[in-house]
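Numbering (the working numbering), first residue to last: 12 to 99.
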C-alpha cells in the first residue's frame, strides 16, 4: 500500500505544472516521515495487544510523530493554516 501511494505521489509531482513548487515541498515532508522505520518488535507487540482486546478499534497508530500529535490538538482551521505555511 505504501509503494502505491509513494508512486502516485511521485507521478503527481512529475506531471503537475500548476503545483510544482508545493508538490516538491509536500514530497519532501512525506519522504522525511517515511524514512523513519518502525521496529518489527514494536509492530508485533502492538499486534499481540490488539488480538487480546475484546473489542478492537478499526485502526491503530504505531509510529506516532510528536509534531503530528501537537498539530492534532489544534482546531482544524489552524491546522490547515500551518500546513499551508509549510507548503509555501
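Glycine residues also receive a C-beta, built at the ideal position from the N, C-alpha and C atoms. The model shown is predicted, which means the values in this text are computed figures rather than measured ones.
- Does the region 69-81 come within contact of the region 49-58, defined as at least 3 CB pairs closer than 8 Å? yes
- Task: Please state if the CB of residue 24 and the CB of residue 35 are separated by a distance shorter than 8 Å.
- Result: yes
- Message: According to DSSP, is residue 91 part of a helix, a strand, or is it coil?
- Response: helix
- Alpha carbon to alpha carbon, what distance is there between residue 33 and residue 26? 13 Å
- Query: Does the beta-carbon distance from residue 41 to residue 62 come in below 8 Å?
  - Reply: no
- Message: Going by DSSP in three states, residue 85 sits in which element: helix, strand or coil?
- Response: coil
- Item | Span of the alpha helix (DSSP H), counted from its first residue to its last, around residue 51 | 51-63
- Query: Considering only residues of the same chain and omitting the five flanking positions on each side of residue 37, which have a CB-CB separation below 7 Å?
  - Reply: 98
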